[in-house]
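When you number the sequence shown by the numbering used here, it's gap-free, plus one each residue, and the end is 84.
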Amino acid sequence: MFQAKIYVTLRKSVLDPQGSVVRKSLYALGYHNVQEVRIGRYMVVDLEVADRAEAEKQVRDMCDKLLVNPVIEDYTFELVEV
């Protein structure tokens with residue numbers, strides 16, 4: 003069994019208005035050294051498969067078909083055997 007930890011972020015070329023608001027709020031709180039904030043998503047998916055290669059294939063397939071909008075988002079993931 004594997005656990006996939008999936009990180010989804012906006013592409014660098016896409017404006018992140020939510021991140022901009024957070025950066026401005028941090029500045030208002032006195033954190034003047036913060037240059038940029040990007041907001042993303044974190045997902046945990048448990049997979050009942052015996053083979054790491056199959057788990058990687060399935061996670062990529064899930065991300066490409068449903069979990070990620072490839073036009074505006076990038077993703078990375080890590081697999082942990084549990």
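Think of the CB as a built atom: it goes at the ideal place given N, C-alpha and C, for glycine as much as any other residue.
In the structure shown, what three-state DSSP assignment does residue 51 receive? coil
Taking the beta strand (DSSP E) that residue 70 belongs to, which residues open and close that run? Taken as a continuous stretch (DSSP letters only), residue 70 belongs to no beta strand (DSSP E), as it is neither H nor E.
Enumerate in chain order the residues of its own chain whose CB-to-CB distance from residue 3 is below 6 Å, with the five nearest sequence positions on each side excluded. 50, 84
In terms of residues, what are the limits of the beta strand (DSSP E) holding residue 10? 4-12
With a threshold of 16 other CB atoms inside 10 Å of the CB of residue 77, please say whether the residue is buried or exposed. buried
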